[in-house]
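Letter by letter, the sequence shown follows residues 7 to 364 of the working numbering. We put the beta carbon where it would ideally sit given N, CA and C, even for glycine. These numbers were taken from a predicted model, which means no experiment stands behind them.
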Amino acid sequence: MQQPPAAWLDRARFAGRRFTHQFLNRFAADLAIDLGTANTLVFVRGKGVVFNEPSVVAVRVADSRLLAVGAEAKRMLGRTPGFIAAIRPLHDGVIADFSTAEAMLRHAIRTAQPSASWVGPRILVAVPSGITEVERRAVRESAISAGAREVYMIEEAMAAAIGAGLPVDEPTGHLIVDIGGGTTQVAVISMAGVVVASSIRVGGNRMDAAIVQYLKRKRNLLIGEPTAELIKLEIGSALPSDHARPMVVKGRDLVAGVPRAIQVTSADTYECLAEPVGAIVEAVRNVLERTPPELASDITETGIVLTGGGALLRDLDGLLERETGLPVTRAEDPLRSVIIGCGRCLDQLGLLRRVAHD
Numbered sequence: 007m008q009q010p011p012a013a014w015l016d017r018a019r020f021a022g023r024r025f026t027h028q029f030l031n032r033f034a035a036d037l038a039i040d041l042g043t044a045n046t047l048v049f050v051r052g053k054g055v056v057f058n059e060p061s062v063v064a065v066r067v068a069d070s071r072l073l074a075v076g077a078e079a080k081r082m083l084g085r086t087p088g089f090i091a092a093i094r095p096l097h098d099g100v101i102a103d104f105s106t107a108e109a110m111l112r113h114a115i116r117t118a119q120p121s122a123s124w125v126g127p128r129i130l131v132a133v134p135s136g137i138t139e140v141e142r143r144a145v146r147e148s149a150i151s152a153g154a155r156e157v158y159m160i161e162e163a164m165a166a167a168i169g170a171g172l173p174v175d176e177p178t179g180h181l182i183v184d185i186g187g188g189t190t191q192v193a194v195i196s197m198a199g200v201v202v203a204s205s206i207r208v209g210g211n212r213m214d215a216a217i218v219q220y221l222k223r224k225r226n227l228l229i230g231e232p233t234a235e236l237i238k239l240e241i242g243s244a245l246p247s248d249h250a251r252p253m254v255v256k257g258r259d260l261v262a263g264v265p266r267a268i269q270v271t272s273a274d275t276y277e278c279l280a281e282p283v284g285a286i287v288e289a290v291r292n293v294l295e296r297t298p299p300e301l302a303s304d305i306t307e308t309g310i311v312l313t314g315g316g317a318l319l320r321d322l323d324g325l326l327e328r329e330t331g332l333p334v335t336r337a338e339d340p341l342r343s344v345i346i347g348c349g350r351c352l353d354q355l356g357l358l359r360r361v362a363h364d
């Protein structure tokens, strides 16, 4: 019996896979997930962002039973008894605790798709630039264990650029600086690809830690992570100001060992944030030094675009303008730029094929 030609077999296999995908997609919507150190966001194709919660999980220590996820778990940070642990499963942008990351992903997927389905969704996950193969495998295995049918990945800087509305398909250079909770991604993007990139493990969490250490060292006051984050949001500044904004901060006196309240100003935050902010500026300079001349000339006009929660730090745009001489703009919705970009990829399959990796 004559065997069918190989080309015919390839076409038949492709048609079969496409039919299978189309059939399964009738029972499960495509999802995009921004699995961030600070927050986890989920985008459902056709619905938009349906899940936006802190990346915190509370478990019972004895048997690792899940007690709370997201905002409810974050309220427990620094307040739990010994038999409960509030955990951040991601550290510096990558999975540090596999089991709790899986539990958090499973919760997010179930929240995004409340109706039971025997078919797992296809998931697009945003990951940091320069992620190792081991870290990539951890993300993939966590998503599959949480119920994903297929997993694709996109670099956070690319997703942020798409979410900020940059024309990433054009042969023009754009510099994106995405400052998340655990990492800062700096990338030059052109023709739907990352030309030059740098990923440093400095972000909002490092800023919070710097505030904690500053008050501990200079004011003998011990505060927790949530209080440090509140200080950063309320009076944090990347540049000195003529008008120091005050804020009353409560914590534990390290000398007397009793609760105490002190006044902190924006001048204090400028001093303690100088080191992490300086690292971000240095990363931007490093990328600019490695940028090809033609793309560098484009960036003198297109400037720098800031995304991520760290982009909301007061006067950070002014500091970058002063240090680089380039115009700096903040994305319209910096906190959700990455997930919005992922969502646009799901809506534009041609773009998804160019920028995502399986």
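(1) Which runs of the beta strand (DSSP E) fall wholly inside the segment 194–275 and span at least 3 residues, in chain order?
(2) Compute the distance between the beta-carbons of A203 and P282, then report whether it is under 8 angstroms.
(3) Give the C-beta separation of D184 and T313 to the nearest angstrom, bearing in mind that I take them to be a contact with Cβ-Cβ under 8 angstroms.
(4) Count Cβ pairs between the segment 343–360 and the segment 163–171 that sit closer than 8 angstroms; are there 3 or more?
(5) For the segment 349–360 against the segment 176–190, are there 3 or more C-beta pairs whose distance is under 8 angstroms?
(6) Below 8 angstroms on the Cβ atoms is my guess for V311 versus V192; work out the distance and round it to an integer in Å.
(7) Using alpha carbons as the reference points, say which of V200, D323 and R225 lies closest to L245.
(8) Quick check on the DSSP output: the beta strand (DSSP E) that includes F49 runs from which residue to which?
(9) Should the segment 296–304 be called in touch with the segment 149–159, which here means at least 3 C-beta pairs below 8 angstroms?
(10) On the premise that A92 lies in contact with A64, defined as a C-beta separation below 8 angstroms, what is that separation, rounded to the nearest angstrom?
(11) Alpha carbon to alpha carbon, how far is E295 from E288?
(12) Use the C-beta contact count for D339: other C-beta atoms within 10 angstroms, 16 or more gives buried, fewer gives exposed.
(13) From the DSSP output, in three-state form, read off E156 for me.
(14) What would DSSP say about T117, mapped onto helix, strand or coil?
(15) Our contact map puts V255 next to T233 with C-beta atoms below 8 angstroms; I'd like the distance itself, whole angstroms only.
(16) Could you tell me if R359 is buried or exposed, where buried requires 16 or more neighbouring beta carbons within 10 angstroms of its beta carbon?
(17) Could you give the distance in angstroms between the alpha-carbon of V67 and the alpha-carbon of E300?
(18) Using a 10 Å radius around the Cβ and a threshold of 16 neighbouring Cβ atoms, would you call F89 buried or exposed?
(19) Pull up the distance between the alpha-carbon of R128 and that of R225, whole angstroms please.
(20) Given a threshold of 16 other Cβ atoms within 10 Å of its Cβ, counted over all protein chains shown, does M213 qualify as buried or as exposed?
(21) Taking the Cβ atom as the reference point for each residue, do R155 and G199 lie within a distance shorter than 8 angstroms?
(22) Give a yes or no on contact between the segment 41–52 and the segment 93–103, applying the rule of three or more CB pairs nearer than 8 angstroms.
(23) CA-CA distance, I292 and G188?
(24) Ordered along the chain, which non-local residues of its own chain (more than five positions away) have a Cβ less than 7 angstroms from that of S243?
(25) Do you know how far the Cα of M197 is from the Cα of G76?
Taking the geometry as given:
(1) Secondary structure remark: continuous beta strand (DSSP E) runs of at least 3 residues inside the segment 194–275, in chain order: 199–206, 252–259 and 265–271.
(2) Mapped onto the sequence shown, residue 203 falls at position 197. Mapped onto the sequence shown, residue 282 falls at position 276. With a cutoff of 8 angstroms on beta-carbon distance, A203 and P282 are scored as not near each other.
(3) Your numbering for residue 184 matches position 178 in the sequence shown. Your numbering for residue 313 matches position 307 in the sequence shown. The beta carbons of D184 and T313 sit about 5 angstroms from each other, so the pair counts as a contact at 8 angstroms.
(4) Touching, yes.
(5) no
(6) Within the sequence shown, numbered from 1, the residue matching residue 311 stands at position 305. Within the sequence shown, numbered from 1, the residue matching residue 192 stands at position 186. About 11 angstroms; that fails the 8 angstroms criterion.
(7) Locating residue 245 in the sequence shown gives position 239, where the first residue counts as 1. Ranking V200, D323 and R225 by Cα distance to L245 puts D323 first.
(8) Taking the first residue of the sequence shown as 1, we reach residue 49 at position 43. Run containing F49: N45 to V50, per the beta strand (DSSP E) assignment.
(9) Output reads no: the segment 149–159 does not touch the segment 296–304.
(10) Along the sequence shown, read from residue 1 onward, the residue named residue 64 stands at position 58. Along the sequence shown, read from residue 1 onward, the residue named residue 92 stands at position 86. With 8 angstroms as the limit, A64 and A92 qualify as a contact, their Cβ atoms being about 5 angstroms apart.
(11) Counting from 1 along the sequence shown, the entry for residue 295 is found at position 289. Counting from 1 along the sequence shown, the entry for residue 288 is found at position 282. Approximately 11 angstroms between the Cα atoms of the pair.
(12) Along the sequence shown, one-based indexing puts residue 339 at 333. By the neighbour-count rule (16 or more Cβ atoms within 10 Å), D339 is not buried but exposed.
(13) Locating residue 156 in the sequence shown gives position 150, counting from the first residue. If DSSP states are grouped into helix, strand and coil, E156 belongs with the strands.
(14) Numbered from its first residue, the sequence shown carries residue 117 at position 111. Residue state, collapsed to three classes: helix.
(15) Position 249 of the sequence shown, counted from the start, is the residue given in the question as residue 255. Position 227 of the sequence shown, counted from the start, is the residue given in the question as residue 233. About 7 angstroms; that satisfies the 8 angstroms criterion.
(16) What you label residue 359 is simply residue 353 of the sequence shown in a count that begins at 1. It counts as exposed.
(17) Position 61 of the sequence shown, counting from 1, holds the residue named residue 67. Position 294 of the sequence shown, counting from 1, holds the residue named residue 300. Rounded to the nearest angstrom, the two C-alpha atoms are 56 angstroms apart.
(18) In the sequence shown, residue 89 corresponds to position 83, counting from 1. Exposed is the call here.
(19) For the purposes of this step, residue 128 is identified with residue 122 of the sequence shown, where counting begins at 1. For the purposes of this step, residue 225 is identified with residue 219 of the sequence shown, where counting begins at 1. R128 and R225 have their C-alpha atoms some 51 angstroms from each other.
(20) Against the sequence shown, residue 213 aligns to sequence position 207. Buried, since its Cβ has 16 or more Cβ neighbours within 10 Å.
(21) For the purposes of this step, residue 155 is taken as the residue at position 149 of the sequence shown. For the purposes of this step, residue 199 is taken as the residue at position 193 of the sequence shown. Taking 8 angstroms as the Cβ cut-off, R155 and G199 do not qualify as a contacting pair.
(22) The answer is yes - the segment 93–103 touches the segment 41–52, with three or more Cβ pairs under 8 angstroms.
(23) For this step, residue 292 is matched to residue 286 along the sequence shown. For this step, residue 188 is matched to residue 182 along the sequence shown. For clarity, residue 292 is Asn in the given sequence; the question names Ile instead. If I take the Cα positions, the gap works out to 19 angstroms.
(24) By 1-based counting over the sequence shown, the position of residue 243 is 237. Counting only Cβ-Cβ distances below 7 angstroms, and skipping sequence neighbours, we find S272, T275, Y276, R320 and D321.
(25) Within the sequence shown, residue 76 is the residue found at index 70, counting from 1. Within the sequence shown, residue 197 is the residue found at index 191, counting from 1. Roughly 37 angstroms separates the two Cα atoms.
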